[in-house]
């Protein structure tokens, strides 16, 4: 029996609400990291500016006792936050070897560790979001054919295996985890480059936020704000939305085979971002269950209902 339109509409609303919530969560991770970085940039601006301007020459001098005390407090805090993660521990050890060289290197070491925390939190959240999306798809497809929850323990185990294998798979020789860490390293490098450029020109005590950290700095492609916004887009669109779309397709196809369902309808999420290709796929309903089209583009939010 063809599924009701109300179920499809409910799923559309759920997908859009989850996408918005996920984007906000990932944005908050970068906002928090930027605030921490600003704190340490401000430390050097406040203590080593000359006539209101912090320049590169002041940052290329050896750290003094106060600088090293600040570093020790920082590293103690972040060692606790990053404990148990081998990738983060590697970056901490690398940063510790370099931090005493000069003030600029000390600041870059701090930034490297702060962005490691972003990577850990982003990886945890993205994996949890993928697992949650798989569970929602099982519940939704079950409701379509009036099965409340997963029918048996064996299926429960198989779903968990699908999700685990999906999260741990390699795409172009990279796991999801390695892609997140590569982006975190790139984020640290770009932020350090942006701050270095600002130091070469001189960071004005009165305009540090306009130059680097707040909304007005979006006009500057090299600002921390612009770099952070670009990273948020990567986490949301390149990673999370696409991963969620792929796990939903895998779970729904598996359930269709398990429950011996024969037909399928393609649905868009009915908003202004829906492309012509997806509208055309919806217009071609119904499909046979074994001949459902693949996602026509990266990060496609469309879903399929089997029956």
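Numbering (the numbering used here), first residue to last: 6 to 312.
Glycine included, C-beta positions come from ideal geometry on N, C-alpha and C.
| Item | Value |
| --- | --- |
| Euclidean distance between Cα positions of residue 223 and residue 120 | 20 Å |
| Backbone secondary structure at residue 179 - three-state DSSP | strand |
| Which of helix, strand or coil DSSP assigns to residue 260 | helix |
| Residue 83 CB to nearest heavy atom of the ligand FAD below 7 Å | With respect to small molecules bound, the structure shown includes none, and the ligand FAD cannot be examined in it. |
| Chain-order list of residues whose beta-carbon lies under 7 Å from that of residue 221 (same chain, five-residue window excluded) | 215 |
| Supposed close pair residue 131, residue 248 - CB separation, criterion 8 Å | 7 Å |
| Coil, strand or helix - residue 227 by DSSP | coil |
| Coarse secondary structure for residue 268, derived from DSSP in three states | strand |
| Nearest-angstrom Cα separation, counted from residue 267 out to residue 100 | 57 Å |
| Beta-bridge pairing of residue 293 - partner residues as DSSP gives them | 268 |
| Straight-line Cα distance separating residue 218 from residue 32 | 14 Å |
| Endpoints, the beta strand (DSSP E) within which residue 308 is located | 308–311 |
| Classification of residue 197 by the beta-carbon crowding that lies within 10 angstroms, buried from 16 upward | buried |
| Contact belief for residue 186 with residue 124 at Cβ below 8 Å, rounded distance in angstroms | 5 Å |
| Contact the region 253–263 vs the region 224–237: 3+ CB pairs below 8 Å | no |
| Residue 171 versus residue 76 - alpha carbon distance | 39 Å |
| For residue 55: DSSP bridge partner residues | 58 |
| Per DSSP, the bridge partner or partners of residue 209 | 58 |
| Exposure of residue 305, with buried meaning 16 or more beta-carbon neighbours within 10 Å | buried |
| DSSP three-state assignment for residue 238, whether helix, strand or coil | helix |
| When 145, 44, 98, 113 are compared against residue 9, the one with the closest alpha-carbon | 145 |
| Nonlocal neighbours in the same chain, by C-beta distance under 8 Å from residue 239, ignoring five residues either side | 188 |
| Beta carbon of residue 27 nearer than 8 Å to that of residue 181 | no |
| Exposed unless 16 or more other CB atoms sit within 10 angstroms - verdict on residue 22 | exposed |
| Nearest to residue 275 (by Cα), restricted to the options 7, 17, 175, 11 | 17 |
| Under 8 Å between C-beta atoms of residue 227 and residue 199 | yes |
| Residue from 103, 167, 201 whose Cα sits closest to the Cα of residue 138 | 167 |
| Length of the line joining the Cα atoms of residue 81 and residue 74 | 11 Å |
| Closest Cα partner of residue 307 within the set 283, 292, 288 | 283 |
| Proximity below 8 Å, CB of residue 112 to CB of residue 53 | no |
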